[in-house]
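Colleague:
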Amino acid sequence: MKPTHIFLHHVGYNHSVYTVNKGHKDKGYPKSSLGWYVGYHYYIRNGKLWKTRKEDEVGMHNRGYNEKAVAIGFDKNHETTPLSNQDQKLATPLMKGIQKRWNIPNENIKGHCDTDNTVCPGKYVMSFLEEYKYSPVSIAPEKPTENVIQPSKGRLTAIQRAINVIRQKIKNLLKSLNL
Ligand SMILES: [Zn+2]
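Be aware that the sequence shown starts at 69, since it is given in the numbering used here, and climbs by one per residue.
#1: My output table needs one value for R235: the three-state DSSP class, helix, strand or coil.
#2: Between the region 142-159 and the region 72-79, do at least 3 Cβ pairs fall closer than 8 Å?
#3: What is the DSSP secondary structure of H77, counted as helix, strand or coil?
#4: Relative to ligand 1, is the shortest distance from any of its heavy atoms to the C-beta of N145 smaller than 8 Å?
#5: According to DSSP, what are the bridge partners of G179?
#6: Is it right to say D124 is buried, meaning 16 or more other beta carbons lie within 10 angstroms of its own, or is it exposed?
#7: For the beta strand (DSSP E) containing L117, list its first residue and its last residue.
#8: Please check the pair T183 and Y133, which I expect to be a contact at CB under 8 Å, by giving their CB distance rounded to whole angstroms.
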């Protein structure tokens with residue numbers, strides 16, 4: 069496949085890649101050419117990155133997008149656990165590299181909740197994604213997208229929760245500046 073999207077997920081538990089591998093094997097997910105059953109293409113945990121599928125291999129993570137997306141899985145419940153700086157520092161160049169290799173515009177990087185009724189990948193990953201999209205070194209889209217995607221209910225509440233996290237960050241910053 070030629071990936072046109074990047075999807076971010078969380079596994080929902082504090083799980084090692086081996087636990088996820090077993091879980092996904094038990095669910096019957098197909099084995100990748102790299103020998104993993106993990107449905108995502110990459111797995112990030114505690115500042116470490118595993119490549120579990122080749123980027124052009126079909127994944128198992130989001131019905132409707134398995135044949136067109138590279139999936140990155142984070143290892144915790146990121147609705148309740150913040151995404152660590154080390155994991156953000158790992159995910160940022162990884163995402164930029166995937167965008168560059170496959171010419172994927174910013175608006176095609178999504179959280180699972182953008183297309184499904186789920187909290188996955190959690191508000192902390194969603195706020196990371198919002199900040200990533202607005203960082204000045206991001207790749208700008210070559211042309212406007214023709215398909216307007218209606219935001220799902222999950223997406224709207226995820227954005228609201230992401231905004232709350234950013235609002236809190238600004239509050240803390242202002243506090244630290246004594247304003
Ligand atoms: Zn997901």
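Glycine included, every Cβ here is placed at the ideal spot set by N, Cα and C.
Modeller: To lay it out plainly:
#1: helix
#2: yes
#3: strand
#4: In this structure, N145 has its beta carbon at no less than 8 Å from each heavy atom of ligand 1.
#5: L76
#6: exposed
#7: First-last of the beta strand (DSSP E) with L117: 116-119.
#8: 7 Å
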